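Notes for the one structure printed next.
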Amino acid sequence: MKKAILSGNEAIARGFLEAGGKLAAAYPGTPSTEVLETLSRHKGIHAEWSVNEKVALEVAIGGALSGVRSMACMKHVGVNVAADPLMTAAYTGIHAGLVLMAADDPGMFSSQNEQDTRHFARLGKIPCIEPSDSSESLQYAKAAFSLSESFDTPVILRTTTRISHCKSVVEDGASESPAGRGLARDFGKYVMLPGNAQKRHVFVEDRLVRLRDWAETSPLNRVIGGDSEIGFITSGISFQYVREAFPNAAVLKLGMTFPLPEKLIKKFASSVMKLAVVEELDPFLEEQVRAMGVTVHFGKNVLPLCGEFSQRLVREKISGSPLPAKAPVAGLLMRPPTFCPGCSHRGLYTVLAKLKLHVSGDIGCYTLGALPPFSSMHTCICMGASISAAHGMAKGLALQGGSQQKPVAVIGDSTFLHSGITGLINMVYNGGDAIVIVMNNDTTGMTGGQEHAGTGRSAQGSEAPRLDIAKLCQAIGAKRVREIDSYNIKELEKIVKEELAEKGPSVLISNQPCVLRYRVSKKAYAVEKATCKGCKLCLKAGCIALSFTPEGKTGFVTIDPLLCNGCGVCAQLCTTGAMTQP
Amino acid sequence: MSVFNILISGVGGQGVLLTSKIIAEAALLAGLDVKQSEVHGMAQRGGSVLSQVRFGEKVFSPIVTEGEADLLIGFEPLETARYLHFLKDDGAVIYNTRTIGTIGVSIGAQQYPADVNEVIKSRVKKVMPFDGTQLAVTAGDKRTLNLVLLGAALSSLPLKEQFILDAIVNTVPKKVLEINQKAFAAGKVQNT
Ligand SMILES: Cc1ncc(C[n+]2csc(CCOP(=O)(O)OP(=O)(O)O)c2C)c(N)n1
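Chain order of the listed sequences is A and B. Here the numbering used here is used: the first residue of the first sequence is 4, the next is one more, and so on. Here the numbering used here is used: the first residue of the second sequence is 32, the next is one more, and so on.
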């Protein structure tokens with residue numbers, strides 16, 4: 004058997020292939036993205052970037068109903084988008100295996116909230132399984148498919164950032180090649196009219212009882228014998244922290260975190276003096292264990308609800324005594340993320356900041372416009388919200404009278420296709436009055452540069468029809484649709500001012516490629532020191548290639564030639580002509 | 032062997048992940064258990080990034096916590112100073128002295144700490160600062176900084192050089208293998 008170091012996501016992809024999985028659909032989202040990226044490099048399967056998570060899950064449902072093992076992958080907030088099909092697929096069951104891989108982000112390394120996906124398993128009354136490292140990620144992906152088919156249910160395969168993005172040693176296993184099952188057609192099972200759904204609900208409740216029974220003896224749940232002074236119930240990455248912090252303690256490791264094995268838990272609890280339940284985020288296991296009448300000595304009474312854990316945190320919180328620690332170096336500058344040098348979003352924000360507009364924001368690289376020096380994004384809620392919220396703001400402002408400036412929605416191309424289109428249809432239909440700026444950089448930038456319906460290429464690399472955003476907006480009924488060049492800030496300012504003076508929705512579309520994804524590399528600018536007055540106007544470009552050196556009464560600006568990407572936005576802000584491309 | 036803990040810090044886009052990937056691969060070739068953790072997404076846009084590698088007989092947690100690190104490889108001075116309290120008392124630091132301003136510095140709102148090198152020196156006994164960026168540029172590409180630093184870290188790693196060399200071949204794309212090997216050699220010379 005071959006050993007390799009794989010991330011949890013790569014291991015899940017391998018598990019999918021070893022399980023004979025044939026169809027995978029996903030929408031990118033940290034920390035889930037690499038599952039589909041890995042699968043897209045394999046032949047003989049269908050792997051696609053779907054337009055959003057709801058679509059991805061529906062595609063996977065269709066795949067399962069056609070008779071092949073299918074999987075949808077997404078980040079935790081993606082499950083909100085996919086919740087509608089999920090809750091009813093729980094009723095219909097699956098025909099061939101159906102797995103929903105969902106990645107949570109405790110600590111919010113790259114997310115707008117810290118929600119706990121396990122609640123969806125309980126809401127849908129479907130199983131949730133959680134690997135603790137890459138080797139288990141592979142095994143559990145396979146186990147998820149067999150569980151799905153044995154119980155006729157979708158299965159949630161839940162990871163967290165430290166499972167998805169940590170790498171550990173994996174051995175390949177045997178590959179299964181399940182025969183295609185052919186198309187399912189069963190009126191009572193797949194057509195969720197009330198009369199059928201009423202019967203299926205009974206099935207769902209019965210299935211849950213059977214799953215609970217199965218959990219009692221499932222190899223996914225196991226006891227590691229040891230010191231019984233404190234016994235630990237734990238799962239996922241927390242299992243590793245517990246093992247490191249308390250290497251000799253007895254542990255009940257739950258591979259399936261919904262539904263729970265009540266007898267096994269009670270037996271384990273009675274075999275230890277004190278019981279600890281160690282889980283990141285919500286007290287999902289703990290509340291269920293307490294509801295069984297079991298006493299939990301250490302749970303969320305000592306462990307935090309927010310943020311991620313570590314071996315150190317577990318040791319400190321359970322033992323109740325802090326470990327010695329050196330102080331971090333005091334007063335260090337923070338280094339928040341920022342636009343790449345050369346990024347096409349930068350020019351837009353210099354204009355929005357100058358005009359002091361109110362910006363209804365969205366999620367993507369362009370969200371960084373919310374940070375200084377631009378501070379020009381005033382809301383960021385969820386993907387697609389920019390346009391619909393701007394519409395609501397405009398209506399709300401109008402109801403309050405006065406002559407406020409119209410709000411501006413800023414949204415990226417991938418986000419627009421994900422869920423911005425419906426907001427625009429709504430705005431046009433309901434007599435909206437806002438400017439919508441679509442920053443089309445021809446990729447899904449923030450998550451590392453994935454293809455989408457507007458890039459002209461599929462996940463697996465074949466050519467694909469390229470959606471034309473301008474034409475789509477016109478078809479929706481937007482009367483004012485204009486192309487803008489986000490690198491030309493004078494012209495951009497003029498256009499924005501013109502649109503502010505108009506009534507009704509305007510759509511402005513910038514079509515400049517992502518410099519990172521398309522490796523755009525232009526010649527660096529340089530500053531002529533003698534000409535630079537030290538006025539700092541160029542620093543409003545908010546670019547890390549620039550720096551200011553005080554000298555005498557003022558000072559001068561320099562451009563780091565290794566960082567500058569030659570976009571020229573700073574040079575356009577310069578009034579002395581000190582910045583040139585040699 | 033007991034678990035050896037490495038932190039690798041830098042600025043998003045500097046190529047921190049490749050260094051940790053090569054070390055992890057070398058540990059695997061040495062027949063050890065290994066875990067590596069990294070950060071994707073938002074932080075890769077010019078933010079502070081941290082990768083961690085742990086190897087030994089058996090490794091549970093993939094992350095290194097305060098006071099646990101045997102070695103810190105820093106791609107940038109400020110990002111090196113940020114993680115000094117993760118080091119053991121006798122932990123070593125190898126870092127690139129070429130600074131990258133934060134956005135706060137670039138907009139003139141903050142000053143880059145002028146004394147950052149002194150701060151690092153005052154807190155760590157085993158420390159090796161050098162201009163790795165210059166060596167990378169000389170080797171042929173500023174993006175080979177990760178291999179320069181790996182070369183400089185070689186003598187601090189409890190792994191045979193051959194495993195590292197093989198891991199480089201297994202990990203670095205063929206097209207750029209040669210300049211990366213050159214960068215590695217340049218870093219190694221720096222620390223002998
Ligand atoms: C429901 C949901 N799915 C996925 C994500 C992860 N995510 C954050 S930004 C983004 C896409 C950004 O792409 P785009 O809109 O093209 O903007 P860019 O980053 O390229 O500027 C994604 C997929 C999310 N936050 N929410």
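C-beta atoms are modelled at their ideal positions from N, C-alpha and C, and glycine is treated no differently. Because the structure is a prediction, the values reported are computed rather than measured.
Is residue i buried or exposed, if buried means 16 or more other CB atoms sit within 10 Å of its CB?
i, result
"A:F190", "exposed"
"A:N304", "exposed"
"A:E21", "buried"
"A:Q314", "buried"
"B:Q45", "buried"
"B:Y114", "buried"
"B:Q193", "exposed"
"A:S408", "Looking at the sequence provided, one finds Gln at residue 408 of chain A rather than Ser. Answer is exposed; the Cβ neighbour count stays below 16."
"A:T458", "buried"
"A:S151", "buried"
"A:D108", "buried"
"B:L208", "exposed"
"A:A218", "buried"
Straight-line CA distance for residue i to residue j?
i, j, result
"A:R210", "B:A100", "48 Å"
"A:K128", "A:V205", "12 Å"
"A:S178", "A:A146", "13 Å"
"A:Q115", "A:K78", "11 Å"
"A:Q243", "A:S363", "41 Å"
"A:G399", "A:G435", "11 Å"
"A:L565", "A:F377", "24 Å"
"A:K202", "A:G258", "30 Å"
"A:V413", "A:L503", "14 Å"
"A:S137", "B:P93", "11 Å"
So that I know if they touch, is there some Cβ in chain B lying closer than 8 Å to that of residue i?
i, result
"A:Q243", "yes"
"A:C343", "yes"
"A:H168", "yes"
"A:T91", "no"
"A:S550", "yes"
"A:K500", "no"
"A:P34", "yes"
Can you pull the chain B residues whose beta carbon is under 9 Å from the beta carbon of residue i, in chain order?
i, result
"A:A106", "Here the premise fails: no neighbours, minimum Cβ distance about 11 Å."
"A:G545", "I134, S137 and I138"
"A:G372", "Ordered by position in chain B, no residue passes the 9 Å Cβ test against A:G372, which lies about 12 Å from the chain."
"A:Q314", "F91, S92, I94, T96 and E99"
Examine ligand 1 and report whether any of its heavy atoms sits within less than 7 Å of the Cβ of residue i.
i, result
"B:Y126", "no"
"A:G448", "yes"
"A:G415", "yes"
"A:I166", "no"
"A:C476", "no"
"A:T458", "no"
"A:I438", "no"
"A:N444", "yes"
"A:P31", "yes"
"A:T382", "no"
"A:M104", "no"
"A:I472", "no"
"A:C517", "yes"
"B:G62", "no"
Measure from the C-beta of residue i to each C-beta in chain A and report whether the shortest distance is under 8 Å.
i, result
"B:D172", "no"
"B:T96", "yes"
"B:E69", "yes"
"B:I37", "no"
"B:A112", "yes"
"B:L49", "no"
"B:D146", "no"
Can you pull the chain A residues whose beta carbon is under 7 Å from the beta carbon of residue i, in chain order?
i, result
"B:Q141", "L336"
"B:S33", "Those within 7 Å of B:S33 in chain A number zero; the least Cβ separation is about 13 Å."
Residues of chain B with a CB under 7 Å from the CB of residue i: which are they?
i, result
"A:V518", "Under the 7 Å cutoff, chain B gives no residues; its nearest Cβ is about 11 Å from A:V518."
"A:V172", "L59, D64 and V65"
For residue i, which residues in chain A fall below 9 Å Cβ to Cβ?
i, result
"B:A217", "Correct list: empty, because the minimum Cβ distance to chain A is about 17 Å."
Give me the chain A residues within the contact set of residue i, using Cβ-Cβ distance strictly less than 8 Å, ordered along the chain.
i, result
"B:V42", "R338"
"B:V150", "V332"
I want to verify the contact list: residues of chain B whose CB lies under 8 Å from the CB of residue i, in sequence order.
i, result
"A:L565", "T164, V168 and K173"
What does residue i touch in chain D if you count any residue whose Cβ is under 9 Å from its own?
i, result
"A:R165", "The chain labelled as chain D is not found among the protein chains of the depicted structure, namely A and B."
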